[in-house]
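Student: Protein chains in written order, with the working numbering: chain A, 835 to 1356; chain B, 835 to 1356.
In this text, a Cβ means the ideal position worked out from N, Cα and C, and glycines have one as well.
There are 2 protein chains.
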Amino acid sequence: MANENVVDNKKTSEEFRKNLIAFMQQKGFVWGPSPEIYGGISGFYTYAPLGKLLKNNVENSIRKIFQKQDFWEVECPTVLPKIVWEASGHLGGFTDPVIKCSKCKSTFRADKLIEEKYFELGEEGKTAPIENDKMLTVMSELGIKCPSCKSEFEQEIKSHNLMMKTTIGLDTEAYNRPETATTTYLPFPRYVEFFRSKLPFGVFQIGKAYRNEISPRQHLLRCREFTQAEGQFFIFEADKKEYPAFDKVKDKVLPFWTYTAQNEETGVEHITLEAAYEKGYLKNRAYASCVALAYNLFESFGIPVENMRLRQHDLDERAFYADDAWDLEVKLNAFGWTECCGVHDRTTYDLDQHAKFSKKELIARTPENKKEVPHVIEIAFGTDRPVFALLDIFFEKKDKDQGKTIFKIPYHMAPVKVAVFPLMKKAGMPELAREIYEDLSEKYIAVYDQAGPIGKRYLRVSEQGVPYSVTIDFDAVEKGICTIRDRDTEKQAKIKVDEIEITLDKLFRNKIKFDDLDVIEN
Amino acid sequence: MANENVVDNKKTSEEFRKNLIAFMQQKGFVWGPSPEIYGGISGFYTYAPLGKLLKNNVENSIRKIFQKQDFWEVECPTVLPKIVWEASGHLGGFTDPVIKCSKCKSTFRADKLIEEKYFELGEEGKTAPIENDKMLTVMSELGIKCPSCKSEFEQEIKSHNLMMKTTIGLDTEAYNRPETATTTYLPFPRYVEFFRSKLPFGVFQIGKAYRNEISPRQHLLRCREFTQAEGQFFIFEADKKEYPAFDKVKDKVLPFWTYTAQNEETGVEHITLEAAYEKGYLKNRAYASCVALAYNLFESFGIPVENMRLRQHDLDERAFYADDAWDLEVKLNAFGWTECCGVHDRTTYDLDQHAKFSKKELIARTPENKKEVPHVIEIAFGTDRPVFALLDIFFEKKDKDQGKTIFKIPYHMAPVKVAVFPLMKKAGMPELAREIYEDLSEKYIAVYDQAGPIGKRYLRVSEQGVPYSVTIDFDAVEKGICTIRDRDTEKQAKIKVDEIEITLDKLFRNKIKFDDLDVIEN
Chain A
835 MANENVVDNK
845 KTSEEFRKNL
855 IAFMQQKGFV
865 WGPSPEIYGG
875 ISGFYTYAPL
885 GKLLKNNVEN
895 SIRKIFQKQD
905 FWEVECPTVL
915 PKIVWEASGH
925 LGGFTDPVIK
935 CSKCKSTFRA
945 DKLIEEKYFE
955 LGEEGKTAPI
965 ENDKMLTVMS
975 ELGIKCPSCK
985 SEFEQEIKSH
995 NLMMKTTIGL
1005 DTEAYNRPET
1015 ATTTYLPFPR
1025 YVEFFRSKLP
1035 FGVFQIGKAY
1045 RNEISPRQHL
1055 LRCREFTQAE
1065 GQFFIFEADK
1075 KEYPAFDKVK
1085 DKVLPFWTYT
1095 AQNEETGVEH
1105 ITLEAAYEKG
1115 YLKNRAYASC
1125 VALAYNLFES
1135 FGIPVENMRL
1145 RQHDLDERAF
1155 YADDAWDLEV
1165 KLNAFGWTEC
1175 CGVHDRTTYD
1185 LDQHAKFSKK
1195 ELIARTPENK
1205 KEVPHVIEIA
1215 FGTDRPVFAL
1225 LDIFFEKKDK
1235 DQGKTIFKIP
1245 YHMAPVKVAV
1255 FPLMKKAGMP
1265 ELAREIYEDL
1275 SEKYIAVYDQ
1285 AGPIGKRYLR
1295 VSEQGVPYSV
1305 TIDFDAVEKG
1315 ICTIRDRDTE
1325 KQAKIKVDEI
1335 EITLDKLFRN
1345 KIKFDDLDVI
1355 EN
Chain B
835 MANENVVDNK
845 KTSEEFRKNL
855 IAFMQQKGFV
865 WGPSPEIYGG
875 ISGFYTYAPL
885 GKLLKNNVEN
895 SIRKIFQKQD
905 FWEVECPTVL
915 PKIVWEASGH
925 LGGFTDPVIK
935 CSKCKSTFRA
945 DKLIEEKYFE
955 LGEEGKTAPI
965 ENDKMLTVMS
975 ELGIKCPSCK
985 SEFEQEIKSH
995 NLMMKTTIGL
1005 DTEAYNRPET
1015 ATTTYLPFPR
1025 YVEFFRSKLP
1035 FGVFQIGKAY
1045 RNEISPRQHL
1055 LRCREFTQAE
1065 GQFFIFEADK
1075 KEYPAFDKVK
1085 DKVLPFWTYT
1095 AQNEETGVEH
1105 ITLEAAYEKG
1115 YLKNRAYASC
1125 VALAYNLFES
1135 FGIPVENMRL
1145 RQHDLDERAF
1155 YADDAWDLEV
1165 KLNAFGWTEC
1175 CGVHDRTTYD
1185 LDQHAKFSKK
1195 ELIARTPENK
1205 KEVPHVIEIA
1215 FGTDRPVFAL
1225 LDIFFEKKDK
1235 DQGKTIFKIP
1245 YHMAPVKVAV
1255 FPLMKKAGMP
1265 ELAREIYEDL
1275 SEKYIAVYDQ
1285 AGPIGKRYLR
1295 VSEQGVPYSV
1305 TIDFDAVEKG
1315 ICTIRDRDTE
1325 KQAKIKVDEI
1335 EITLDKLFRN
1345 KIKFDDLDVI
1355 EN
């Protein structure tokens, strides 16, 4: 499934990154930094047509998985007044450690410089210390210099607030939200009403968030404007341990990497969720079920299982309110193991804070009619990283003598599902092909292309990840028989023109295999 | 189709608005102004679970219609640096006329106060003058006073800029975008590459925009944060007149209300697009096709045709660069005829401006290989207004003696598609109903409900607009036969438990009618 590119060292991954980003730009997946005609600003990107289709597929997968688990989607404002961010703690403590070059005065995130250095040294996944003075020591030990001009850094790390400030009305101080989570908690009394006081319940939100990062340099992985997708599961504390829906997922085998295993440098354990729970890796069945849900989401995007692991936060890595915390990490060719989702038991922290600041009672009633603040388990991720991961994992750059560059995205996630080509621009082929294209467009994202030699057109759509191409030749016009081509095997088969749609439908739903068709033997 | 509520006067529409907004809040469609626990800020709303599903349906309709017309979706940043908005003209001229109460100092938009007064007087659709001094005169003629305290206004109208300012990095001045359009134009050189220099081409964007309105008071119709959906069609000037795809839509009958007809107070003409073109109502076939596309979008949302009209801008109403401009208006019970979409021929204005400010050549090459700046025809709308319109038009509040409140949303747009109820909480009914609910959830947005008498549960889902309810009784458990109920007719039919999904599929795709089922005669 995954491609053969493996990151061995800095050079390979830099080379890969360069190729990958050029591919994204040239083939119409991601453009930027945006706005390009004005020089571009770090951390802002544009989803080009194919990238946007891919992102929509990721977002629709999220909706489908959450909805099946009875989570309901909401959409909350992205701009909120100051008091909200005082309550959430973002105005006080939401800062990045910034260090400045003593010579060129460029600014960088100290923790990211350290982690990039670890990655180069083959110590993937090792994290920077949290305190500013410890970071300075580590930077000096590792001999980290300014990436721009190679000079020494100033011996000071400053805390830079990440919030983008704005104004509502004439003078109300407000901020572009730095996360969706806080905004999802605010309508809590409405949820209790909507769910008719029945807990547990889940809600989720997919939407923009903003962090004024200092010199973000990791493409879609670290943007100043990005799309988050976060599920919030509200449950009474007493119900967490025995949560019954756990039974549906308990036999699922997942790759657990506990903090003990990380410290003792033992590997990932592939065990069932139930075994992990019994061993005490996961504190309760409700939290364990949310970890399974997170994994399920990333599986649904088509991320290969061998590229995923669940990494437990060490005690000193957790937010002070977090009762348990695991990350889902995805192995990228361009950046190594990368955090793509976090599952956090936030307990009553957020509701308590907003109750305090808003002076409203944020409670639900237990079956015994007792007022209680429920716990919140959060599944926090975004959609930019999954899109980046899919491009990173399934892009295969080949040298000319080795074959063709191809985007081997799993078929169900392909941005464009089918291409229609007239073999030649004559004898009714373009007219018939156009008609078929228009019919297929009712159901699928399709492209029509009549320009250039057929081989070049096949190549072009392989680079775009299009699973199937339909070619309209003389036989199609005269006998109603056309050719369908499979992207990965490059096999071709003859099918009836009036069975194209049903054939595609069966192929996409795995009702038939390509080899079940009338394959042309070469 | 549409309900019987007709706006006769101020009182009726105020009463209707009150009921409609209460319905949206209580049933889980739209909450706000948000954040409610902190008192709420005008112009910010939260899409609650049912409202968000409805909004997703609207947005997916937009994608489907645009994609069928070969428009490609992009997603551009929502925060852009100052220079972009200098080029677009938003920093200079994007202002609202604001007037202040001489007593309570509340501020309002003068133009909106005038238009609200016209509406009360039965002069729907009449617009306020553009110049500040003329507005003052009209306000005085109409005797408009402060809506808050009924005092006189100060005799001055100030221009208030609508942009929400922020900062990127340490000190780059930037703004939350006030529209998607400008951001869609910026990657123009990339489009030319992506479409391999073949014009015309279309792109669209669905995303947030921000306008710091003064005291917005029209619920989702005028938000400070809102979702736009805008299509941009790039075409060489020489190709606009004979645009061949016009032939596919030319026989479509549309409701045209030219500015001449508005001034002469003659009515709307229902004529074909071709007739409208021949009469000179629409300047060219490319523009006419975009008007048809706009209408097609709103038809796809399920807005009844009798609630739509196309209103031409008068010459002095158009933006100075606009070569032609028509609005699609929707008749609302709460606010009368309301602009929901504008189709503007922006000519080369935007590309010229950004070429000038970015010092980049923004051109394409004609088939004769001549450099040329293409024209842009814009289809500008949003998704909040269609959601509001669907709720406004299909909500039927009934008094207790008149029957039941119902949300008669067209079935294809319903947020939740099916409800599953066990008749009683015993004899295996909840278990079977739950299993059916889980199966149906694979394909449809479904709800499960076992609380309360069955009649109350039917009522509850009718208020939510759920088209079909499936009830699991003794027969279902013992003989595999259950009951399906139609929302609008309240008819019930017997169907096999293992044919629920296929029956729903046929009903939603109009392959069968409800009466074709084994309907139970009362």
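By Cβ distance, which residues of its chain are closer than 6 Å to Ala1126 (chain B), with the 5 residues on each side in sequence left out?
Tutor: Counting from 1 along the second sequence, the entry for residue 1126 (chain B) is found at position 292. The answer, listed in chain order, is Val1083, Lys1086 and Leu1107.
Student: Using a Cβ-Cβ cutoff of less than 8 Å, which residues in the same chain neighbour Thr1172 (chain B) once the five nearest sequence positions on both sides are dropped?
Tutor: Position 338 of the second sequence, counting from 1, holds the residue named residue 1172 (chain B). Excluding residues within five positions, the ones whose Cβ falls inside 8 Å are Leu1055, Glu1163, Val1164, Lys1165, Leu1166, Arg1219 and Ala1223.
Student: For Phe929 (chain B), write down the residues that DSSP places opposite it in a beta bridge.
Tutor: Indexing the second sequence from 1 puts residue 929 (chain B) at position 95. Just to set this straight, residue 929 (chain B) is Thr in the shown sequence, not Phe. Thr929 (chain B) pairs with B:Asn995.
Student: Between which two residues does the alpha helix (DSSP H) containing Asn1097 (chain B) stretch?
Tutor: One-based indexing of the second sequence puts residue 1097 (chain B) at position 263. Tyr1093 to Asn1097 is the extent of the alpha helix (DSSP H) around Asn1097 (chain B).
Student: Can you give the Cα-Cα distance for Gly977 (chain A) and Asn1010 (chain B), rounded to whole angstroms?
Tutor: As a working mapping, residue 977 (chain A) is identified with position 143 in the first sequence. As a working mapping, residue 1010 (chain B) is identified with position 176 in the second sequence. One C-alpha to the other measures close to 40 Å.
Student: Just reading off the alpha helix (DSSP H) that Ser1134 (chain A) is part of, what are its end residues?
Tutor: In the first sequence, residue 1134 (chain A) corresponds to position 300, counting from 1. Note, Ser1134 (chain A): alpha helix (DSSP H), Arg1119 to Ser1134.
Student: For Met997 (chain A), count neighbouring C-beta atoms within 10 Å of its own C-beta (all shown protein chains included) and say buried if the count is 16 or more, exposed if not.
Tutor: Counting from 1 along the first sequence, the entry for residue 997 (chain A) is found at position 163. With 16 or more Cβ atoms within 10 Å of its Cβ, Met997 (chain A) is classed as buried.
Student: Quick check on Ile1288 (chain B) - is its C-beta less than 8 Å from some C-beta in chain A?
Tutor: Taking the first residue of the second sequence as position 1, residue 1288 (chain B) is located at position 454. So no, Ile1288 (chain B) is outside the interface.
Student: Restricting to Cα atoms, I'd like to know which of A:Asp1309, A:Lys1328, A:Asn995 and A:Ala1110 is closest to Val1048 (chain A).
Tutor: Against the first sequence, residue 1048 (chain A) aligns to sequence position 214. In the sequence under discussion, the amino acid at residue 1048 (chain A) is Ile, which differs from the Val named in the question. When each option's Cα is compared against that of Ile1048 (chain A), the closest is A:Asn995.
Student: Anything in chain A within Cβ reach of Tyr881 (chain B), meaning under 9 Å, just list it in chain order.
Tutor: Walking along the second sequence from the start, residue 881 (chain B) turns up at place 47. Under the 9 Å cutoff, chain A gives Glu907, Val908, Glu909 and Cys910.
Student: In the segment 1283-1331 of chain B, which residue ranges form an unbroken alpha helix (DSSP H) of at least 4 residues, counting only runs that do not cross its ends?
Tutor: Qualifying alpha helix (DSSP H) stretches, in chain order: 1288-1297 and 1308-1313.
Student: For the candidate residues B:Glu909, B:Ser1123, B:Ile871 and B:Cys980, whose alpha-carbon lies nearest to that of Phe1067 (chain B)?
Tutor: For the purposes of this step, residue 1067 (chain B) is taken as residue 233 along the second sequence, with counting starting at 1. Checking every option, the nearest Cα to that of Phe1067 (chain B) belongs to B:Ser1123.
Student: With DSSP run on the structure shown, which of helix, strand or coil describes Thr1106 (chain B)?
Tutor: Taking the first residue of the second sequence as position 1, residue 1106 (chain B) is located at position 272. Thr1106 (chain B) falls in the strand class under three-state DSSP.
Student: For Asp1179 (chain B), which beta-bridge partners are listed by DSSP?
Tutor: In the second sequence, the residue the question calls residue 1179 (chain B) occupies position 345. The partner list for Asp1179 (chain B) (beta bridge, DSSP) reads B:Ile1211.
Student: Which chain B residues sit within Cβ distance under 8 Å of Lys999 (chain A)?
Tutor: For the purposes of this step, residue 999 (chain A) is taken as residue 165 along the first sequence, with counting starting at 1. In chain order: Thr1000 and Thr1001.
Student: With 8 Å as the threshold, decide whether the Cβ of Trp865 (chain B) is near any Cβ in chain A.
Tutor: Sequence index remark: in the second sequence, residue 865 (chain B) carries index 31 (1-based). Chain A, which has a Cβ nearer than 8 Å to the Cβ of Trp865 (chain B), makes this yes.
Student: Classify Lys1113 (chain A): buried if its beta carbon has 16 or more other beta carbons within 10 angstroms, exposed otherwise.
Tutor: For the purposes of this step, residue 1113 (chain A) is identified with residue 279 of the first sequence, where counting begins at 1. It counts as exposed.
Student: Output needed for Val1254 (chain A): all residues of its chain with C-beta closer than 6 Å, excluding positions within five of it in sequence on either side, in chain order.
Tutor: Within the first sequence, residue 1254 (chain A) is the residue found at index 420, counting from 1. Excluding positions up to five away in sequence, the list reads Ala1267, Ile1270, Tyr1271, Tyr1282 and Val1304.
Student: Who are the neighbours of Glu1059 (chain A) on chain B, taking C-beta pairs under 7 Å?
Tutor: The sequence position of residue 1059 (chain A) within the first sequence is 225, counting from 1. Chain B residues near Glu1059 (chain A): Pro911, Thr912 and Val913.
Student: Hey, Ile1423 (chain B) and Ile1002 (chain A) are a contact pair by Cβ (cut 8 Å); roughly how many whole angstroms apart?
Tutor: No information on residue 1423 (chain B) is available, as it lies outside the stretch 835 to 1356 that chain B covers here.
Student: Starting from the C-beta of Ala1079 (chain B), find all residues in its chain whose C-beta is less than 7 Å away, skip the five residues before and the five after it, and write them out in chain order.
Tutor: Translated into the one-based positions of the second sequence, residue 1079 (chain B) becomes position 245. Only Ser1123 meet the Cβ criterion.
Student: Note down, in chain order, each residue of its chain lying with its Cβ closer than 6 Å to the Cβ of His1104 (chain A), except the 5 sequence neighbours on either side.
Tutor: Residue mapping note: residue 1104 (chain A) aligns to position 270 of the first sequence, counting from 1. The answer, listed in chain order, is Val1087 and Pro1089.
Student: Chain B partners of Gln1368 (chain A), CB-CB under 7 Å?
Tutor: Residue 1368 (chain A) is absent from the model: chain A starts at 835 and stops at 1356.
Student: Which value, in whole angstroms, describes the spacing of the CA atoms of Val841 (chain A) and Gln859 (chain A)?
Tutor: Along the first sequence, read from residue 1 onward, the residue named residue 841 (chain A) stands at position 7. Along the first sequence, read from residue 1 onward, the residue named residue 859 (chain A) stands at position 25. Per-residue confidence for Val841 (chain A) stands at a pLDDT of 41, beneath the threshold of 50, marking its modelled position as unreliable; the derived number appears in the next sentence. C-alpha separation (whole angstroms): 22 Å.
Student: Rounded to whole angstroms, what's the CA-CA distance from Thr846 (chain A) to Phe1241 (chain A)? Just pull it up for me.
Tutor: Residue 846 (chain A) sits at position 12 when you count from the first residue of the first sequence. Residue 1241 (chain A) sits at position 407 when you count from the first residue of the first sequence. Each residue's Cα considered, the two are about 19 Å apart.
Student: Does any residue of chain A bring its CB to less than 8 Å from the CB of Pro869 (chain B)?
Tutor: For the purposes of this step, residue 869 (chain B) is taken as residue 35 along the second sequence, with counting starting at 1. Yes - at least one Cβ of chain A is within 8 Å of the one on Pro869 (chain B).
Student: Is the CB of Gln901 (chain B) under 8 Å away from at least one CB in chain A?
Tutor: Counting from 1 along the second sequence, the entry for residue 901 (chain B) is found at position 67. Yes, because at least one Cβ of chain A sits closer than 8 Å to the Cβ of Gln901 (chain B).
Student: Of all the options A:Asp1320, A:Asn1046 and A:Ala1063, which has the alpha carbon lying nearest to the alpha carbon of Cys1057 (chain A)?
Tutor: Stepping through the first sequence from its first residue, residue 1057 (chain A) is reached at position 223. Measuring from the Cα of Cys1057 (chain A), the nearest candidate turns out to be A:Asn1046.
Student: Thinking C-beta only, is Thr1337 (chain A) closer than 8 Å to Lys889 (chain A)?
Tutor: To locate residue 889 (chain A), count along the first sequence from 1; it is residue 55. To locate residue 1337 (chain A), count along the first sequence from 1; it is residue 503. Their beta carbons are not under 8 Å apart, which means Lys889 (chain A) does not touch Thr1337 (chain A) by this criterion.
Student: Taking the alpha carbon of Ser974 (chain A) as the reference point, which residue from A:Phe1169, A:Ile991 and A:Leu1149 has its own alpha carbon closest?
Tutor: Translated into the one-based positions of the first sequence, residue 974 (chain A) becomes position 140. Minimum Cα distance to Ser974 (chain A) is reached at A:Ile991.
Student: Along chain B, which residues have their Cβ under 7 Å away from the Cβ of Gly862 (chain A)?
Tutor: Taking the first sequence and counting its residues from 1, one reaches residue 862 (chain A) at position 28. Correct list: Phe1028.
Student: As a quick exercise: from B:Pro1021, B:Phe1022, B:Thr1000 and B:Thr1006, pick the residue whose alpha carbon is nearest that of Pro1012 (chain B).
Tutor: Reading the second sequence from its first residue, position 178 is the one you call residue 1012 (chain B). Comparing Cα positions, the closest option is B:Thr1000.
Student: Applying the criterion that 16 or more other CB atoms from any shown protein chain within 10 Å of the CB defines a buried residue, is Gln989 (chain B) buried or exposed?
Tutor: Locating residue 989 (chain B) in the second sequence gives position 155, where the first residue counts as 1. With fewer than 16 Cβ atoms within 10 Å of its Cβ, Gln989 (chain B) is classed as exposed.
Student: Less than 8 Å between CB atoms is the rule here; does Asn1010 (chain A) satisfy it with respect to chain B?
Tutor: Counting from 1 along the first sequence, the entry for residue 1010 (chain A) is found at position 176. Chain B contact via Cβ: present.
Student: Ile1279 (chain A) versus chain B: which residues are under 8 Å apart at the beta carbon?
Tutor: Taking the first sequence and counting its residues from 1, one reaches residue 1279 (chain A) at position 445. What Ile1279 (chain A) touches in chain B: Gln901.
Student: Quick check on Ser936 (chain A): does DSSP put it in helix, strand or coil?
Tutor: By 1-based counting over the first sequence, the position of residue 936 (chain A) is 102. Ser936 (chain A) falls in the coil class under three-state DSSP.
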